[in-house]
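Number of protein chains: 2
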Amino acid sequence: MPDTLPADSVGLVETQFLTVKETLTLDCGRSLPEFTLAYETYGTLNADKSNAILICHALSGDQHVAGYNSMEERKPGWWDNCIGPGKPFDTDRFFIVCPNNLGGCKGSSGPNTLNPKTGKPYGPDFPLVTVRDWVNSQTYLADSLGIQQWAALIGGSLGGMQVMQWAIDYPERLRHALVIAATPKLTAQNIAFNEVARQAIFSDPDFHAGRYYEHNTIPRQGLMLARMLGHITYLSDDAMREKFGRDLREGKLNFGFDVEFQVESYLRYQGKSFVDRFDANTYLLMTKVLDYFDPALQFNHDLSLAFENTDANFLVISFTGDWRFTPARSREIVRALIAANKKVNYAEIEAELGHDAFLTPIAEYHGVLNAYMDTIEI
Amino acid sequence: MPDTLPADSVGLVETQFLTVKETLTLDCGRSLPEFTLAYETYGTLNADKSNAILICHALSGDQHVAGYNSMEERKPGWWDNCIGPGKPFDTDRFFIVCPNNLGGCKGSSGPNTLNPKTGKPYGPDFPLVTVRDWVNSQTYLADSLGIQQWAALIGGSLGGMQVMQWAIDYPERLRHALVIAATPKLTAQNIAFNEVARQAIFSDPDFHAGRYYEHNTIPRQGLMLARMLGHITYLSDDAMREKFGRDLREGKLNFGFDVEFQVESYLRYQGKSFVDRFDANTYLLMTKVLDYFDPALQFNHDLSLAFENTDANFLVISFTGDWRFTPARSREIVRALIAANKKVNYAEIEAELGHDAFLTPIAEYHGVLNAYMDTIEI
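The listed protein sequences correspond, in order, to chains H and X. Numbering-wise, the first sequence is residues 322 to 699 according to my numbering. Numbering-wise, the second sequence is residues 322 to 699 according to my numbering.
Structural data, given as structure tokens:
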């Protein structure tokens, strides 16, 4: 237990809550009569409110993106290496906001929160939302903080999709868009992996059609399987070879189904520990948000038309070892922006790790972020 | 129901059985007091028994590799496009043998057959076997047919591993080795996918620790998940895009968890139909056989040393779209053979489909097979 926090940490932070007592109409046609967003902020909003950054989280992320929620917390927020004094998203300059998305499980309205109509957890009755719904809900957070225009929107993976949607739907409300390790839409293979993850959760007898809260159960096995599978797609084949190779945990084969190879041990650990911190209904919902994202769809499948009214400066970043959302997918975004005559910088970072590289402090990557962030006027 | 079979079919075939009443000692240290191999044969063994080919099957294969088991059978054997009169493995020239491997579920001794000691199905008591064990068991089949030396051994994927093991362990018993879409050993990522598939089966409450036969259940959900996942790894991202794209089954999103995208429908169908024809314990065993294969291990991780005593001519074939066992893996085999001064031909076939390409009649691929098979003297 540390008695001091690192000097470059944003320090102790508390989750805050915004409850909006207005009806939010969703893409699915249903609506939420009211909703809550849990969020954290770091740094100080300046007088003319021109230094605000919104961080958008990915599938398993939440509002706790930097710093510590208690002195006892061993691990800081999920993107702490990027956020703090002197870090790429410098809290000495910027006021940084990160919400937990609608449908999440860390305090925002979602399957594990109470449905005001019934007084019970929403569970499977929570509507399936879209990236556009998220962006709409996030405008209420901006309004509540008095932020008319974000200096920058930043997100990796599913977070990058939210950044693009903001740029498309609310072009006047952001100046810079950082789209990292993202894609303009999922491929059939991406959807296929998500579908297997969903079926794993549905198959768990403790799932109870999503009403497991009422049964005091958790679909542990299903969510564990989903996470194990997800994890394979976050790491590259090369990174796994580098990390585990064919190393045997006990140095020899046991000819049984207990853990033999180190990679099995790692995956089981990742799967099991995820169950303790995440909600299965939220996982299901998040995979659907991913599957549905396709902003070019209403523009005759022409992404450049989708970006036509966008005013933001873009920084697009991809990672060579990322086979979930490959650099080719990021280049589709770049080409669409160029075709639409928009300002875009693109960096393809050499990184063996895979999709998860966007969360790691690779020197070249953070160098690109630092250089770009320095260009942002506040 | 056809009243005639195609002219280039081997026609109606019956599975035969060889029961060996001798103890087979296995790599795991256990032994089988006796064992049965189910097998099929096509064509005619010539007088000096020099025209025999052994086909080795892969994870979900079996002995029924060509022709029809009945006039009512709608689909022929799993590699029918390669085996028959005038086909690459020409039954007018060759006598072709294909066994179901030990641990299989189509008549060979395996988890779903009776343990002679107990009179009950082996279930989880069937020992975990290795590619080397399979090859040893296959020598009994060769002996029983009077085949001292195979004209060729042929296999794709896990089948290719058996071909390599034959060449290493019984160099005097084969003249040609066709190793197709294989790998000298699984990567950590390959093992990781297998581990998720296994955990899916273990998690199914109908699995009953592998004794589901006695409970009159089948771990349907678990095996379905395993197959869905496997199927993703058999197809390339490009092939899935080509085949399904982001097509919606009903032309619109339904904002629910029923099938929305065509690829989901396809995967569920593949998963469900597999359960009707395959055994979960066999699936578990097969994934372990894959994980364990590493013939270079006893040769100080030098595959060329493993091949040192090999006399066979090799044909190694890989497919560009195969990300399960990439062309780079096949080239490792080729380089090891070259380093060991062996005769090897290598073809890298342009094929978008993915790993499953080895089962399809791609013109260039079959052209390579035809040209190579023509060089085999009988």
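All residues carry an ideal CB built from backbone N, CA and C; glycine is no exception.
{"Item": "Considering only C-alpha positions, which residue in the set Gly388(X), Thr340(X), Thr504(X) is nearest to Pro437(X)?", "Value": "Thr340(X)"}
{"Item": "Beta carbon of Ile475(X), beta carbon of Thr631(X): below 8 Å?", "Value": "no"}
{"Item": "Locate the beta strand (DSSP E) running through Trp471(H), then write down its first and last residues.", "Value": "471-477"}
{"Item": "Measuring alpha carbon to alpha carbon, tell me which of Arg453(H), Leu479(H), Trp487(H) ends up nearest Gln469(H).", "Value": "Trp487(H)"}
{"Item": "So what does DSSP say about His676(H), is it helix, strand or coil?", "Value": "helix"}
{"Item": "Between the stretch 568-580 of chain H and chain X, which residues of the former have CB atoms less than 8 Å from a CB of the latter, in chain order?", "Value": "Leu574, Phe576, Gly577, Phe578"}
{"Item": "Closest to Glu335(H) by CA distance: which of Ala368(H), Leu375(H), Gln384(H) is it?", "Value": "Gln384(H)"}
{"Item": "Distance, Cα to Cα, Pro616(X) vs Lys396(H)?", "Value": "42 Å"}
{"Item": "With a 10 Å radius around its C-beta and 16 neighbouring C-beta atoms as the bar for buried, classify Ala530(H) as buried or exposed.", "Value": "exposed"}
{"Item": "Expressed to the nearest angstrom, what Euclidean distance is found between the alpha-carbon atoms of Gly566(X) and Thr647(H)?", "Value": "17 Å"}
{"Item": "When the Cα atoms are used, what is the spatial distance from Ile417(H) to Tyr363(H)?", "Value": "5 Å"}
{"Item": "Within 10 angstroms of its Cβ, does Pro682(X) collect 16 or more other Cβ (buried), or is it exposed?", "Value": "exposed"}
{"Item": "Cβ closer than 7 Å: which chain X residues qualify as neighbours of Tyr613(H)?", "Value": "Leu574"}
{"Item": "Are the CB atoms of Ile374(H) and Trp455(H) within a distance shorter than 8 Å?", "Value": "no"}
{"Item": "How close, in whole Å, do the beta carbons of Asn634(X) and Lys664(X) come, if the pair is a contact with beta carbons under 8 Å?", "Value": "5 Å"}
{"Item": "Can you look up Tyr701(H) in the DSSP assignment and give me helix, strand or coil?", "Value": "The displayed coordinates of chain H run from 322 to 699. Any statement about residue 701(H) would go beyond what the structure contains."}
{"Item": "Can you tell me whether Met545(H) is buried or exposed? The criterion is at least 16 other CB atoms within 10 Å of its CB, across all chains shown.", "Value": "buried"}
{"Item": "Taking Cβ positions only, does Ala657(H) come closer than 8 Å to chain A?", "Value": "Among the protein chains in the structure shown, which are H and X, there is no chain A."}
{"Item": "In three-state terms, what does DSSP make of Pro448(H)?", "Value": "coil"}
{"Item": "Would you kindly work out how many angstroms separate the C-alpha atoms of Arg548(H) and Gln591(H), rounded to a whole number?", "Value": "7 Å"}
{"Item": "What is the rounded straight-line gap between the Cα of Met322(H) and the Cα of Ser330(H)?", "Value": "Residue confidence for Met322(H) is low, a pLDDT of 48 falling below 50, so the modelled location carries little weight; the figure read from the coordinates is stated next. Cα-Cα distance, rounded: 16 Å."}
{"Item": "Suppose the cutoff is 7 Å on Cβ atoms and the five residues either side in sequence are ignored; what does the same chain contact list for Met465(H) look like?", "Value": "Here the sequence assigns Ser to residue 465(H), which means Met is not the residue at that position. For Ser465(H), where only same-chain residues beyond five positions count, the Cβ hits under 7 Å are Leu339."}
{"Item": "Taking Cβ-Cβ distances shorter than 8 Å, what residues in chain H pair up with Glu585(X)?", "Value": "Ile512, Ala513, Glu516"}
{"Item": "Do Asp643(X) and Ala678(X) have their beta-carbon atoms positioned less than 8 Å apart in this structure?", "Value": "yes"}
{"Item": "Between Ala649(H) and the ligand FMN, is the CB less than 7 Å from at least one heavy atom?", "Value": "Annotation note on the ligand FMN: not contained in the displayed structure, which lists no ligands."}
{"Item": "When DSSP labels each residue in this structure, what does Ala359(X) get in the three-state scheme?", "Value": "strand"}
{"Item": "Within the 8 Å Cβ cut-off, does Phe599(H) reach chain X?", "Value": "no"}
{"Item": "Using a C-beta to C-beta distance shorter than 8 Å, which residues of chain H count as neighbours of Asp413(X)?", "Value": "Neighbours of Asp413(X) on chain H: none; closest Cβ ~41 Å, over 8 Å."}
{"Item": "By how many angstroms is the C-alpha of Phe640(H) removed from the C-alpha of Ile670(H)?", "Value": "5 Å"}
{"Item": "My understanding is that Phe582(H) touches Leu449(X), with C-beta atoms under 8 Å, so please give their C-beta distance in whole angstroms.", "Value": "In fact, because the Cβ distance is near 14 Å, the residues do not count as touching under 8 Å."}
{"Item": "Mind checking the stretch 344-358 of chain X against chain H and listing, in chain order, the residues whose C-beta falls within less than 7 Å of any C-beta there?", "Value": "Cys349"}
{"Item": "What are the start and end residues of the beta strand (DSSP E) that includes Glu493(X)?", "Value": "Looking at the DSSP string, Glu493(X) is not in any beta strand (DSSP E), and its letter there is neither H nor E."}
{"Item": "Any beta-carbon of chain X closer than 8 Å to the one on Gln542(H)?", "Value": "yes"}
{"Item": "So Met549(X) contacts chain H; which residues on that side make the cut at Cβ distance below 7 Å?", "Value": "Val517, Gln520"}
{"Item": "Quick one: give me the first and last residue of the beta strand (DSSP E) that Ile670(X) is part of.", "Value": "665-670"}
{"Item": "For Lys593(X), return the contacting residues in chain H, with the cut-off set at a CB-CB distance below 9 Å.", "Value": "Those do not exist, as Lys593(X) stays about 11 Å from chain H at its closest Cβ, beyond 9 Å."}
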